[in-house]
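Below is one structure, written out as structure tokens; the observations come after it.
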Amino acid sequence: MHTEALNRIAGVLNEHRIEWGLGGSSLLAVCGLDERPNDIDLLVAANDAERAHELLRQQGSFAAFAPKEPFCTTYFYHYTICGAEVDVMGLFGIRHESGTYRLDWRRNEDDRSISLPEVSSPIPLTPLEEWFVVYLLIPGKSPKADRIEQHWLQEGRLRPHRLRQALSRELPMPVRERIARVLDRG
Numbered sequence: 007m008h009t010e011a012l013n014r015i016a017g018v019l020n021e022h023r024i025e026w027g028l029g030g031s032s033l034l035a036v037c038g039l040d041e042r043p044n045d046i047d048l049l050v051a052a053n054d055a056e057r058a059h060e061l062l063r064q065q066g067s068f069a070a071f072a073p074k075e076p077f078c079t080t081y082f083y084h085y086t087i088c089g090a091e092v093d094v095m096g097l098f099g100i101r102h103e104s105g106t107y108r109l110d111w112r113r114n115e116d117d118r119s120i121s122l123p124e125v126s127s128p129i130p131l132t133p134l135e136e137w138f139v140v141y142l143l144i145p146g147k148s149p150k151a152d153r154i155e156q157h158w159l160q161e162g163r164l165r166p167h168r169l170r171q172a173l174s175r176e177l178p179m180p181v182r183e184r185i186a187r188v189l190d191r192g
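Written as structure tokens, this is what we have:
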């Protein structure tokens, strides 16, 4: 689970009051939905993206990559920290047939944080609802969205207002219909 890297990341970002959250397959792993995250994906608030970059580049090695299609994220940074690949994203964006889905993520009062035994600082989590939508948009990632939906059906932890917020953004009709079905069941 890349706990050494998470410990270092959480320590420095929390100490400097960076607005950040764990996402992607690492988020799914801490929620019990993915056994082996390949990397660590972090979302940062746009106004903290450059400060986060300056702090994290001191924790490991930085490689400049432009986001690959269909992604069009405004702030994208890639690091190797304690042997783990780490992607940091601010103003996340993904192109699709109906336009561009933009996620200007900010920490919200209903977002959770977790503690891991091997990590000394709390780890804020980004909402599963956001990743449900993102995984529906990324080609080949819909099985991850299916796992999230199954989790909601079993655990009952869906936050419907988060999916309604996503519907206010540009989304293709099949994704809108899938969100509507989830909301009807939730």
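Read in order, the letters of the sequence shown are residues 7 to 192 in the numbering used here.
Don't be surprised by glycine CBs; every beta carbon is placed ideally from N, CA and C.
TODO: Find out if the Cβ-Cβ distance for the pair Arg184, Leu142 is shorter than 8 Å.
DONE: Translated into positions along the sequence shown, residue 184 becomes position 178. Translated into positions along the sequence shown, residue 142 becomes position 136. Against a cut-off of 8 Å, the Cβ pair of Leu142 and Arg184 comes out as a contact.
Open item on the list: Please classify Met95 as buried or exposed, where buried requires at least 16 neighbouring CB atoms within 10 angstroms.
Closed with: Translated into positions along the sequence shown, residue 95 becomes position 89. So Met95 counts as buried.
Open item on the list: Assess contact between the region 75-94 and the region 33-41, defined as three or more Cβ pairs (one per stretch) separated by less than 8 Å. Is contact present?
Closed with: no
TODO: Give the secondary structure of Ser31 by DSSP, where H, G and I count as helix, E and B as strand, and everything else as coil.
DONE: Residue 31 sits at position 25 when you count from the first residue of the sequence shown. It is helical.
Open item on the list: Classify Gly29: buried if its beta carbon has 16 or more other beta carbons within 10 angstroms, exposed otherwise.
Closed with: Along the sequence shown, one-based indexing puts residue 29 at 23. The residue is buried, with at least 16 neighbouring Cβ atoms inside 10 Å.
TODO: Sort out for me which residues DSSP pairs Arg101 with in a bridge.
DONE: For the purposes of this step, residue 101 is identified with residue 95 of the sequence shown, where counting begins at 1. In the DSSP output, where bridge partners are listed per residue, Arg101 has Thr106.
Task: Cβ shell of Asn44 (< 8 Å), same chain only, five flanking positions each side left out - done: Numbered from its first residue, the sequence shown carries residue 44 at position 38. So the qualifying residues of the chain are Ser31 and Glu91.
Task: Of the listed residues Cys37, Asp93, Ala11 and Leu177, nearest to Glu3 (C-alpha basis) - done: Residue coverage of the chain in this structure runs from 7 to 192, which leaves residue 3 outside it and unanswerable.
Task: Burial state of Ile129 (16 or more Cβ within 10 Å) - done: For the purposes of this step, residue 129 is taken as the residue at position 123 of the sequence shown. Under this definition Ile129 is a buried residue.
- [ ] Go ahead and label Gly27 buried or exposed: buried means 16 or more other beta carbons lie within 10 angstroms of its beta carbon, across all protein chains shown.
- [x] Here residue 27 refers to the residue found at position 21 of the sequence shown. Result: buried.
Task: With 16 other Cβ atoms within 10 Å as the buried cut-off, status of Pro229 - done: Given a span of 7 to 192 for the chain in the structure shown, any question on residue 229 remains unanswerable.
Task: Nearest-angstrom Cα separation, counted from Val181 out to Phe98 - done: As a working mapping, residue 98 is identified with position 92 in the sequence shown. As a working mapping, residue 181 is identified with position 175 in the sequence shown. So the two alpha carbons sit approximately 18 Å from each other.
Task: Cβ-Cβ separation, Asp47 to Ile24 (assumed contact under 8 Å), whole Å - done: Within the sequence shown, numbered from 1, the residue matching residue 24 stands at position 18. Within the sequence shown, numbered from 1, the residue matching residue 47 stands at position 41. Not a contact, Cβ separation roughly 15 Å.
Open item on the list: What does the alpha-carbon distance come out to for the pair Ala52 and Lys147?
Closed with: For the purposes of this step, residue 52 is identified with residue 46 of the sequence shown, where counting begins at 1. For the purposes of this step, residue 147 is identified with residue 141 of the sequence shown, where counting begins at 1. Spanning the two alpha carbons is a distance of roughly 25 Å.
- [ ] Would you identify the three-state DSSP class for Ala69, choosing helix, strand or coil?
- [x] For the purposes of this step, residue 69 is taken as the residue at position 63 of the sequence shown. Of the three classes helix, strand and coil, the one that applies to Ala69 here is strand, per DSSP.
Task: Nearest candidate by alpha-carbon position, reference Leu134, set Gly89, Pro178 and Arg168 - done: As a first step, residue 134 must be located in the sequence shown, where it is residue number 128. The shortest Cα separation from Leu134 among Gly89, Pro178 and Arg168 belongs to Arg168.
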